[in-house]
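Below is one structure, written out as structure tokens; comments come after it.
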Amino acid sequence: MPSAIVDFVKEKESGYQRIFSRSPLLSSFAAQWDGLLVAYDHYLPGIYPEVASEQHGIAIFLDIPKPIRVERTIGSVRHQERVIQGDVVVIPAGAWHRVNAEAAGGILILGLDPKEFAQVIDETIERDGIELAPHFATADPLIHQMGIALKHALKASGKASHFYAETIVAALTAHLLQHYCTNAAVMPTYAGGLPQLKLQAVINYIHDHLSDDLRLKELASIAQVSTHHFSQLFKQSTGMPPYRYVIHHRIERSKELLCRADLAIADVAKIVGFVDQSHFHRHFKRLVGVTPKQFIQQAK
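This note's numbering puts the first residue of the sequence shown at 59, with every later residue one more than the last.
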């Protein structure tokens, strides 16, 4: 099979089809998330074409009922694997990758923008020579849990917010820097949280823009710190990561609006910034313990 260089940012679904000869079961291609592409599929046994991606690739094995024997080549290194549920493979951007799998399985493929990855290095680490390194199949519970969360987000609505994607990218990038690079990076820690004036400015902005598709980069810019720094400092100040804080206050605002007879549940979901009613329903029930409809009935 001929080799192929794929740019998933530009080609999106057509790039995926060039490799796998079909469309994925679930994907983020339509969502246009910054810095992250996600595709979930049940891949079939067989030999796949040698491919290099313009994005860093992370393959997360989510639905593997029994171990799968795989012959994988990354660059010039060939390896015989016994892939099981929860295993993760890391393929740096530009590295040639070839697979021969003996059985089918469910896999989530992540594509990370190398520029976003490099920016985190520049913002957080004063050290040269740190690059993402190839890793054959190995267990990684944290990345596995991120994969499960992303699959659920795609399955629930297929268009989770940019804010959610940015949050995953920030956490995943920090983890990759610590555990999957040529030189292990020591991520700096910060104490004391955000200065009170900056924290209040960020909180005011969040509450004034709950209905918008908020961006982590916007909030970090208001606080005048990097995205990675902001997430840590905001959590120290509020006790919640930024994304969880926003979801919490969207739900609190929705509880007030649901008591109004002139607003339908779908209207409330849109007013408080959820991408659709099912996304709102899922978070509302998780945090409140009842559905929006049940909440309205109980409030009467």
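Backbone N, C-alpha and C fix where the C-beta goes; we use that ideal spot for every residue, glycine too.
{"Check": "The beta strand (DSSP E) spanning L120 covers which residue range?", "Outcome": "114-121"}
{"Check": "So, under 8 angstroms CB-CB, L274 and E224 are touching, yes? Tell me the CB distance rounded to an integer number of Å.", "Outcome": "4 angstroms"}
{"Check": "Taking the alpha-carbon of K173 as reference, which of A281, F353, L94, H267 has the nearest alpha-carbon?", "Outcome": "L94"}
{"Check": "Suppose the cutoff is 6 angstroms on Cβ atoms and the five residues either side in sequence are ignored; what does the same chain contact list for Y359 look like?", "Outcome": "Limits of the chain in this structure are 59 at one end and 358 at the other, which puts residue 359 out of reach."}
{"Check": "Under 8 angstroms, with one C-beta from each stretch per pair, do the segment 280-292 and the segment 321-336 reach the 3-pair mark?", "Outcome": "no"}
{"Check": "Quick test of the definition: if touching needs 3 or more C-beta pairs under 8 angstroms, does the segment 185-203 touch the segment 225-238?", "Outcome": "yes"}
{"Check": "Can you tell me which of the three DSSP states N241 falls into?", "Outcome": "coil"}
{"Check": "Return the CA-CA distance between M59 and R308, expressed in angstroms with no decimal places.", "Outcome": "At M59, the pLDDT of 49 sits below 50, so the modelled position is not reliable and the matter cannot be decided from this model."}
{"Check": "For the beta strand (DSSP E) holding P107, just list the boundary residues, first then last.", "Outcome": "104-111"}
{"Check": "What ranges does the alpha helix (DSSP H) occupy inside the segment 268-316, keeping only unbroken runs of at least 4 residues that lie completely in it?", "Outcome": "274-281, 285-296, 300-316"}
{"Check": "Taking the CB atoms as reference points, tell me whether R140 and F194 lie closer together than 8 angstroms.", "Outcome": "no"}
{"Check": "Name the one or two DSSP bridge partners that E139 has.", "Outcome": "V128"}
{"Check": "Following the continuous beta strand (DSSP E) through G144, name the residue where it begins and the one where it ends.", "Outcome": "First-last for G144: undefined, no H or E at that position."}
{"Check": "For the pair the segment 153-164 and the segment 122-129, tell me if three or more CB-CB distances fall below 8 angstroms.", "Outcome": "yes"}
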